[in-house]
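Just below is one structure, and these are the notes that go with it.
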Amino acid sequence: MKIQESAENYLETILVLSLDKPYVRSIDIANELGFSKPSVSVAMKNLRNSGHIRVDENGHITLAPTGKKIAEMIYERHRILSQWLESLGVSRETASEDACRIEHVISEESFAAIKDHLKQTSV
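Just so you know, the UniProt record's numbering puts 37 at position 37 of the sequence shown, and the rest follows in order with no gaps.
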């Protein structure tokens with residue numbers, strides 16, 4: 001299922017925040033992305049309605065299985081594309097920014113080829 005790039009970014013952000021925090025709240029996402037809390041609240045409502053996240057009575061946000069699958073795919077792309085760009089001499093900051101754009105549009109075939117190439121060259 002294809003979802004919008006913004007939804008992918010929110011799911012990836014929830015995943016990354018959950019790696020460092022015991023729980024994730026809308027305010028954490030707003031702070032991380034530099035968005036207003038009302039904008040994040042609308043996005044969380046849409047992600048909850050589409051079944052990608054769960055929000056408990058305390059406002060703690062967790063990824064549902066479908067949301068986790070998407071978030072992990074996008075995060076893997078981000079990490080590998082950033083690594084690849086840095087290995088080409090791109091600065092860490094620029095590599096991360098560019099990877100954030102590329103991760104949403106690159107085909108599975110192209111990504112798999114980059115991933116395989118990196119595995120072969122790092123042996």
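Here a beta-carbon is modelled for each residue, glycine too, at the ideal position from N, C-alpha and C.
In this structure, Leu118 and Ile74 do not form a Cβ contact; the two beta carbons are roughly 18 Å apart against a cut-off of 8 Å.
Comparing C-alpha distances from Arg54 to each of Tyr23, Ser82, His78 shows the shortest one belongs to Tyr23. Per DSSP, Val55 is one residue of the beta strand (DSSP E) stretching across 53-55.
Collapsing the DSSP output to three states places Val24 in a strand.
Unbroken alpha helix (DSSP H) runs of no fewer than 4 residues, entirely contained in the region 58-106, are found at 65-87, 92-102, following chain order.
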